[in-house]
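> Just dropping this structure here.
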Amino acid sequence: MSGARFLLDPELALLRTLLGPLPSSNDILSYLLFEPDFVDAVIQLGSDDAKTILKQVLSTPNPEKISG
Numbered sequence: 003m004s005g006a007r008f009l010l011d012p013e014l015a016l017l018r019t020l021l022g023p024l025p026s027s028n029d030i031l032s033y034l035l036f037e038p039d040f041v042d043a044v045i046q047l048g049s050d051d052a053k054t055i056l057k058q059v060l061s062t063p064n065p066e067k068i069s070g
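Written out as structure tokens, the structure is:
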């Protein structure tokens, strides 16, 4: 978030004061990419989505009409 937004929004300024500096998006991304529980959950969600789409495609007589 930009510094200007913190200046304009008193609630965000208060949160920043109470919580300290926010982690950078790189820190969050690095944590998420190497957190095993997160990675496992993302893989499971992708697998579930793929199974749902495949089931839908196989049960539809005209697959090009499936909306995503």
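Numbered according to the working numbering, the sequence shown spans residues 3 to 70.
C-beta: ideal position from N, C-alpha, C; glycine also.
None of these values were measured; they are calculated from a predicted model.
1) Tell me where the alpha helix (DSSP H) around PRO38 begins and ends.
2) Helix, strand or coil for SER26, going by three-state DSSP, please let me know.
3) Since PHE40 and LEU34 are thought to touch, with beta carbons under 8 Å apart, how far apart are those beta carbons, to the nearest angstrom?
A quick look at the data gives this:
1) The residue labelled residue 38 in the question sits at position 36 within the sequence shown. Element bounds for PRO38: 38 to 61.
2) In the sequence shown, counting from the first residue as 1, residue 26 sits at position 24. SER26 carries a coil assignment under DSSP once its states are collapsed to helix, strand and coil.
3) The residue labelled residue 40 in the question sits at position 38 within the sequence shown. The residue labelled residue 34 in the question sits at position 32 within the sequence shown. Going by Cβ atoms, the distance from PHE40 to LEU34 rounds to 5 Å, so yes, they are a contact pair.
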